[in-house]
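In what follows, a single structure is set out as structure tokens and then discussed.
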Amino acid sequence: MRVLQQAIRIYTERSQWETAIQFYETLQGVPCERRVHIDETNVDAAKVGGVLLLGADQETLDTLRLVTAVYYVDSLDESYSCLKTNGAEILHGPQTVTGGRNLTARHPDGLIVEYFEPAKKKENA
């Protein structure tokens, strides 16, 4: 397992989502890399440098706030094994989601992290 990137998760109501994206673009001096709508949870997501912004209604955000960070990994299956072996509690097991697969784990120190393996890009034939 290799952690490819890490990002803190920022939660914002949809009415402030564009403003938050612009703020973090300016703050970090980088453009938004990716925007997606996650159908499973009705959440909008945007990756800006070391920040993953999540936009939704307040009720949805309240259920998401326990997760502090996201680790982008090269193998979710290896991450799962490593986490279990090293004392992490798996809160939500591996599942297919928009853009790839994820799981949520509580580290032994209490930090709750989403582990995300992006879907492999299809090569043109």
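Taking the working numbering, the leading residue of the sequence shown gets 4, the next gets one more, and so forth. The C-beta atom is built at its ideal place from N, Cα and C for all residues, glycine as well.
Collapsed DSSP secondary structure at residue i in the structure displayed
| i | result |
| --- | --- |
| A128 | Annotation note: pLDDT 48 at A128 (below 50); position unreliable, no value reported. |
| A68 | Just to set this straight, residue 68 is Arg in the shown sequence, not Ala. DSSP places R68 in coil when its eight states are reduced to three. |
| E43 | coil |
| L114 | coil |
| G53 | coil |
| E36 | coil |
| R5 | coil |
| A23 | helix |
Residue range of the alpha helix (DSSP H) that includes residue i
| i | result |
| --- | --- |
| G91 | A small correction: the amino acid at residue 91 is Ala; Gly does not occupy that position in the sequence shown. Run containing A91: none; DSSP gives neither H nor E here. |
Which residues DSSP lists as bridging residue i, in chain order
| i | result |
| --- | --- |
| P121 | G103 |
| T15 | G58 |
| Y75 | Q8 and F119 |
| Q98 | N105 |
Whole-angstrom C-beta distance between residue j and residue i, which should lie under 8 Å
| i | j | result |
| --- | --- | --- |
| I11 | A72 | 5 Å |
| V86 | I115 | Before going on, a small fix: residue 86 reads as Leu here, not Val. Not confirmed; about 12 Å, so no contact. |
TODO: Evaluate contact between the segment 53 to 73 and the segment 14 to 24, counting only Cβ atoms and requiring at least three cross-stretch pairs below 8 Å.
DONE: yes
TODO: Say whether the segment 65 to 85 touches the segment 104 to 122, bearing in mind that this needs 3 or more beta-carbon pairs closer than 8 Å, one atom from each stretch.
DONE: yes
TODO: May I ask you to verify whether the segment 27 to 37 touches the segment 46 to 54, counting CB pairs closer than 8 Å and requiring at least 3?
DONE: Yes, the segment 27 to 37 touches the segment 46 to 54.
TODO: Taking 8 Å as the threshold, find out whether the segment 40 to 47 comes into contact with the segment 80 to 92 through three or more Cβ pairs.
DONE: no
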